[in-house]
Every structure is written in C-alpha cells, then in structure tokens.
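First comes the structure, then the notes that go with it.
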Amino acid sequence: MASTQRPHHPDDIVVWPDGTWATLGEVWAGDFGWMSDDYEIVCADDVERLKALNLADDLGLPLRGRGTPGLV
Numbered sequence: 018m019a020s021t022q023r024p025h026h027p028d029d030i031v032v033w034p035d036g037t038w039a040t041l042g043e044v045w046a047g048d049f050g051w052m053s054d055d056y057e058i059v060c061a062d063d064v065e066r067l068k069a070l071n072l073a074d075d076l077g078l079p080l081r082g083r084g085t086p087g088l089v
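Take the sequence shown: its letter number 46 is residue 63 in our numbering, and every next letter is one higher.
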C-alpha cells in the first residue's frame with residue numbers, strides 16, 4: 018500500500034515543546050543537534066497549524082484571512 022503522506026521538505030518547520038523552532042533543513046544540517054529529539058514537524062504550507070503554534074509573526078504569515086470583510 019502506498020503512503021499518502023508527503024515526504025518532509027527542508028523548508029518544513031520543526032517546533033520543540035519550549036517554543037524553539039527551526040527549519041527541518043537546519044536540523045538536518047546539525048545546527049540544532051544540542052536540542053532534544055522531542056519535536057513536531059509541521060509542513061511549511063500548514064498555515065493554520067503554524068498560527069496555532071504562534072509562529073505567524075516569526076514566519077511572516079498573515080494573521081487573518083484575506084478577502085473576508087473586516088479582516089486584513
């Protein structure tokens with residue numbers, strides 16, 4: 018049976034329980050080897066999950082939807 022899960026991409030975001038985050042590419046390069054392996058990988062295009070993790074500002078994501086009256 019084929020997997021429907023997309024493979025991870027270097028631009029995906031790794032988030033640790035303390036709120037520290039990095040790109041998966043940085044983790045693969047060993048830049049965060051001192052951090053624990055207890056992290057979540059979030060697809061870079063999963064805007065809603067990244068917002069829920071309070072990373073919208075850090076990643077330059079829009080805070081609100083577009084095209085809805087009253088929202089920016």
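Virtual Cβ for every residue (Gly too), placed ideally from N, Cα, C.
Would residue 48 and residue 39 be called neighbours here (beta carbons separated by less than 8 Å)? Yes; because the gap between Cβ atoms is below 8 Å, this pair is in contact.
What do you reckon, are the CB atoms on residue 54 and residue 34 nearer than 8 Å? No, these two residues do not count as a Cβ contact at 8 Å.
N- and C-terminal bounds of the alpha helix (DSSP H) containing residue 45: Residues 41-45.
Under 8 Å, do residue 27 and residue 41 count as touching if we go by C-beta distance? At a Cβ-Cβ threshold of 8 Å, residue 27 and residue 41 count as neighbours.
Option in 67, 74, 21, 77 with minimal Cα separation from residue 32: Taking each of 67, 74, 21, 77 in turn and checking the Cα distance to residue 32, the smallest one comes out for 67.
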